[in-house]
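Novice:
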Amino acid sequence: MANLKDLRDRINSVQSTKKITSAMKLVAGARLKKAQTEAESSRSYVNKMQTIIDNVTSNINIDSAPEIIRGKENDKTHLIVLMTSDRGLCGGFNTAITKLAKKKIKNLLNAGKIVKIFCIGKKGLDHLKREFNELIIDSTPISTQKKIDYEFAAKISNKILLMYQNEEFDVAHTVFSLFKSAIKQEAQLKQIIPVLDPDKNISKKDEKQDNSIYEYEPEEEEVLKNLVPQNVAIQIFSGLLENAAGEQGARMTAMDNATRNAGELIDTLRLNYNRSRQAQITKELIEVISGAEAV
Amino acid sequence: MEKTFLFELITPNKNLVSGEFDMVVVPGEEGDFGVLPHHSNLISQIRPGLLNTYKNDKIDKSFFLYSGFAEVSDNKLIVLSETAFDINEFKLNTYKDIISKYEKLKNKTKTESEILFFEKKIKEANTIIEILN
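Residue numbers (my numbering), protein chains in the order written: chain A, 3 to 297; chain B, -3 to 129.
#1: From which residue to which residue does the alpha helix (DSSP H) around B:D93 run?
#2: CB-CB under 6 Å to A:L110, same chain, minus the five flanking residues each way: which ones, in chain order?
#3: A:S141 and A:L127: beta carbons closer than 8 Å?
#4: Output yes if chain B places a C-beta closer than 8 Å to the C-beta of A:Q38; else output no.
#5: What is the residue span of the alpha helix (DSSP H) that A:A281 lies within?
#6: Please list the terminal residues of the continuous alpha helix (DSSP H) segment that includes A:A184.
#7: The beta strand (DSSP E) that contains B:N11, what's its start and end?
#8: Taking a cut of 7 Å between CB atoms, which residues from the stretch 48 to 66 of chain B lie near chain A?
#9: For the beta strand (DSSP E) holding A:F120, just list the boundary residues, first then last.
#10: For A:I82, list the residues DSSP reports as bridge partners.
#11: Tell me where the alpha helix (DSSP H) around A:N49 begins and ends.
#12: Residues in its own chain within less than 8 Å of A:I204 by CB, not counting five upstream and five downstream?
#13: Using 8 Å as the threshold, is the stretch 34 to 49 of chain B in touch with the stretch 58 to 70 of chain B, meaning 3 or more CB pairs across them?
#14: Output the boundary residues of the beta strand (DSSP E) element that contains B:A80.
#15: Am I right that B:Y91 and B:I124 are in contact with their C-beta atoms under 8 Å? What's the rounded C-beta distance?
#16: Counting only Cβ pairs nearer than 7 Å, list the residues of chain A close to B:N37.
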């Protein structure tokens, strides 16, 4: 049986771990609330933007639309914008996102496409470095930002759009985690460039038959040309906010589990400790008694 | 027939306004246009300028918009804008600070995309000062 001092040390160390995890849980809970409101308030902008884009694209002639909307003839080079958190200790949050990204990357590679990866957040970079190091073209951490603001997203989208202009890629996807609730996040893959997703396009057209007609100021094409860059920025921004909320939610759940596990571990250890203590006392008593009898 | 309609001003960070108004004048790309109840469906781009909301024939609130889009449909006006704020919140010095901050950042960086980005931001702050001052 383990000696008493070892057990005592072990209990102490688990206890201090428990203190840390429960503190982290509380902090994550407080941050979650803020992040959640931010993520939810950005959704109305994203949704509205999407409706406007849907309206405009259903009203124009697809064949004459600019390439950024209908897509290029060949989609040889794909860009994956991977958004993860900067810190760990948040359960399977980052793993879920990178798993989805890896699946997509492998599919594209198998189909003979060229893949480029842009990592936002340190964890995603760490996860992908081992397998796809040569594909990663750029990365940026999030924690250098005091707060995730629109400007940060605009800067990234600027970079991406410039790369598109320089024909460094043909199709771009973002991978992030959609915040459903504190205990549920869903990794998502979203196409941002070109705007029209060929897979979804067909079904959409049927729904839009009875759509109301809009007047445009200026012309549809002109409006679209300006809508697209803003859409890229807002998609990245909302992805970052959804991620931030999801990260805190995932961390809260993970830390809650950790705290509970630590509690259970402490109970078992304490039981063992008491048993060995009693065993030792009994042993000492027997020694004393048998010693006395021998005299 | 209703005399008011729903107007929402949405920025990426929050919904600035959401409420019923008599009339809203929007700075459209091709000139200001007033929106009254039952306006026909319209999507317009926005140029830098002031957006005024009216209640009982008086200006209720004024906002500055730098860019964005306005959509009118189903007796609703929705304005999406990346840069929008109440003109009462405007302070000349903050924008002067912003310009000098970006000038500094611009001189430090060497990447093409960042330079373009900072130039855009400086232009934006200059336009804001020009219009509101």
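Beta carbons: idealized from backbone N, C-alpha and C, even for Gly.
All values derive from a computational prediction rather than experimental measurement.
Specialist: Straight from the coordinates:
#1: Element bounds for B:D93: L88 to K104.
#2: H80 and V117
#3: yes
#4: no
#5: E222 to A296
#6: Where A:A184 is concerned, there is no enclosing alpha helix (DSSP H), given that its DSSP letter is neither H nor E.
#7: That run of the beta strand (DSSP E) goes N11 to F17.
#8: F65
#9: I116 to I122
#10: A:I119 and A:H175
#11: L6 to N61
#12: Annotation note: pLDDT 47 at A:I204 (below 50); position unreliable, coordinate value reported separately. Correct list: empty, nothing qualifies.
#13: yes
#14: A80 to D82
#15: 6 Å
#16: What B:N37 touches in chain A: S214, I215, Y216 and E217.
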